[in-house]
Amino acid sequence: MTTEVTSPPTSASPTARQLWTRGRGVALALVLLVVAAVAIAVVRSDARHGRLDPHSADPLGSRAVAELLADRGVDTRVVTTLAEAADAAGPDTTLLVAVPDLLTPRRQTQLHAATEDSGGRTVLVASGIASVERLAPGVTADPANSLDSTLEPDCGLPAAVRAGSADTGGIRYSSDHPDADECYRSHRLATLLRVPDSSGAGDTVLLGAPDILYNDRLDKHGNASLALQLLGSRPHLVWYLPSPADASAVTEDEKSFFDLLPSGWLWGTLQLFVAAAVAALWRARRLGPLVPERLPVAIRASETVEGRARLYRKADARDRAALALRSATRIRLAPLVGVPGTQAHSPEALLPALSARLDGDGPSSPHTLLFGPPPGDDAALIRLADQLDALERQVRRP
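Numbering-wise (the numbering used here), the sequence shown opens with residue 585 and increments by one.
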């Protein structure tokens with residue numbers, strides 16, 4: 585009974601140097617992407633950082649207003665959630681909403697319900713068409729902004745009269761409330777509008793532009809006086825900076841990313857997928873059986889063998905070369921000794937029939953030649969090829 589002896593194939597794995605040579609282009613591209621991302625982040629971290637933040641000393645921050653209010657006994661507290669802003673509303677509190685348009689419609693309605701009868705003051709900074717109708721019912725925002733930045737009071741509101749000219753030019757408002765104060769008009773529409781609530785104890789102030797709250801604009805015209813009077817009428821100031829990540833305001837009607845995409849984009853994407861599928865079917869279709877074609881140049885079989893041998897040698901794959909030689913020899917020997925081709929690679933079927941045809945004077949054991957381990961070097965591989973040829977000649981010999 586014979587036993588097949590095998591050994592692990594010779595490794596043809598690339599070296600660390602080869603891996604680095606192949607992957608250095610990708611690594612360099614990744615480094616360039618990281619450097620570009622850092623550069624973009626640095627460039628974009630300009631003076632707009634901390635916009636309307638009472639803790640920020642940047643030009644567009646509002647720290648100067650907060651410090652002046654603190655000198656007059658008004659404490660300022662910053663909140664970032666709708667729950668905190670709604671809980672803070674009260675008769676002794678001024679609630680400033682920095683960017684009302686960031687609020688979703690449901691959050692705007694909830695905020696108005698919390699401040700409507702609180703008896704305090706609500707200041708809406710640059711509230712546009714998307715938010716003013718819910719935060720201040722009865723007030724309309726004009727789609728055309730003021731062309732002038734600095735405007736005169738032109739109204740009887742004491743705070744505006746004392747402040748004089750100020751940088752309120754921005755969004756323009758109109759109201760059907762009979763007791764509303766319309767100040768700093770631009771083409772007959774107010775850029776500062778005060779609307780008293782139904783009880784008369786509180787009010788809502790709409791400011792068309794945030795310029796009077798900026799650090800770099802506070803010392804211009806009457807900006808400081810107007811800001812201090814509007815925000816300092818109560819002992820407490822709650823500064824609400826709306827955040828899109830406000831978890832307390834997440835509701836069932838908030839839209840997902842796909843809800844925000846226009847319907848045309850969805851249909852267009854579907855059409856692209858259909859077109860890609862049709863193109864794939866068109867390119868992959870079979871028009872009939874394969875038709876052999878004559879090569880334009882005749883290539884000798886020896887050249888093919890030599891080329892394949894060079895590839896094996898370059899990869900140091902003696903195991904694969906030996907396996908190819910032995911497999912071809914077994915396929916040729918099987919019909920010569922009466923073994924079906926399907927059993928040519930079975931030593932139990934091939935070796936007994938082969939031994940019956942040999943006279944015992946062969947160069948080596950048939951089992952070692954046909955099913956032995958891979959050669960250890962190139963010289964052993966050459967000897968194996970010669971011995972296989974000799975074995976085949978011996979079997980073919982009459």
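Backbone N, C-alpha and C define an ideal beta-carbon position, used for all residues, glycine too.
Predicted model only: the values in this text are computed from it and were never measured.
With a contact defined as Cβ atoms closer than 8 Å, His-761 and Val-779 qualify at about 5 Å. With fewer than three CB-CB distances shorter than 8 Å, the segment 766-782 does not count as touching the segment 616-624. Within the same chain, Cβ atoms closer than 6 Å to the Cβ of Leu-938 are found at Val-921 and Pro-950, the five residues on either side in sequence being excluded.
The C-beta separation of Tyr-824 from Leu-679 comes to about 6 Å, placing the pair in contact by the 8 Å criterion. DSSP places Ser-758 inside the beta strand (DSSP E), whose first and last residues are 757-759. Glu-668 carries a helical assignment under DSSP once its states are collapsed to helix, strand and coil. Taking all protein chains in view, the Cβ of Val-881 is surrounded by fewer than 16 other Cβ atoms within 10 Å, so the residue is classified as exposed.
Boundaries of the beta strand (DSSP E) harbouring Asp-787: 787-791, taken from the DSSP string. Per DSSP, Pro-819 lies in no beta strand (DSSP E) segment and is marked neither H nor E. Shortest Cα-Cα distance from Ser-782 to any of Ile-755, Thr-699 and Ser-730 involves Thr-699. DSSP lists Tyr-757 and Arg-769 as the beta-bridge partner residues of Ala-774.
With contacts defined as CB atoms closer than 8 Å, Asp-685 and Gly-712 qualify as a contacting pair. Remark: C-beta atoms of Ala-654 and Thr-660 approach each other more closely than 8 Å. Within the same chain, Cβ atoms closer than 6 Å to the Cβ of Arg-910 are found at Leu-954, the five residues on either side in sequence being excluded. Per DSSP, Arg-656 has no beta-bridge partner at all. The three-state secondary structure of Leu-968, taken from DSSP, is helix.
Per the C-alpha coordinates, the member of Ser-886, Gln-927, Pro-924 and Ala-725 positioned closest to Ser-759 is Ala-725. Val-681 sits buried, since 16 or more C-beta atoms from the chains shown fall within 10 Å of its C-beta.
Within the model, the alpha-carbon separation for Arg-981 versus Arg-941 is close to 10 Å. Within 10 angstroms of the beta-carbon of Ser-886 lie fewer than 16 other beta-carbons, which makes it exposed. Annotation: Pro-958 to Leu-934 spans about 20 Å, alpha carbon to alpha carbon. Excluding sequence positions up to five before and after Val-716, its CB lies within less than 6 Å of the CB of Val-723 and Ala-725, all in the same chain and listed in chain order.
Only buried fits Thr-706, as 16 or more other CB atoms lie within 10 angstroms of its CB.
In this structure, the straight-line span from the alpha carbon of Arg-691 to that of Gly-753 is close to 27 Å. By the Cβ-count criterion, Glu-651 is exposed, with fewer than 16 other Cβ atoms from all chains shown falling within 10 Å of its own Cβ. With a threshold of 16 other beta carbon atoms within 10 Å, Ile-624 falls short and is exposed. Non-local beta-carbon contacts of Ser-749 in its own chain, meaning distances under 8 Å to residues more than five positions away in sequence, involve Thr-734, Leu-735, Glu-736, Pro-737, His-805 and Gly-806 in chain order.
The Cβ atoms of Thr-677 and Gly-704 sit closer than 8 Å to each other. Rounded to the nearest angstrom, the gap between the Cα atoms of Arg-756 and Pro-638 is 25 Å. In the DSSP assignment, Val-709 falls within the beta strand (DSSP E) that extends over 705-709.
Judged by DSSP in its simplified three-state form, Ala-750 adopts strand.
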